[in-house]
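Data block below; observations after.
Residue numbers (the working numbering): 73 to 175.
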């Protein structure tokens, strides 16, 4: 699994090296490399995404194929997403549409 690092910490490291009088070339590269290389990995988990598949009387999770009666889902706490939970209660898959990236 890939290591994830926090962008704000990397930018702080770069600004700290730059504040010492500008980048001096290879020496600053080595300092930046060592600082970033020794950063601890961020505590993240990959997002498992899924979709609700509607089939007559059931909603089925596209990730784990667990089925829920439509009446059971609609009788749950009311969700802003039109009565469907944002996550599969069985496998935890995120059923929301992924956010678009900045760009």
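The C-beta atom is built at its ideal place from N, Cα and C for all residues, glycine as well.
The residue from 86, 117, 123 and 114 with its alpha-carbon nearest to that of residue 105 is 86.
For residue 75, the three-state secondary structure derived from DSSP is coil.
Put simply, the backbone Cα of residue 139 is about 10 Å away from that of residue 127. DSSP places residue 140 inside the beta strand (DSSP E), whose first and last residues are 139 to 141. In chain order, 120, 121, 122, 133, 134, 135, 136 and 159 place their CB closer than 8 Å to the CB of residue 165, counting only its own chain and leaving out the 5 sequence neighbours on each side.
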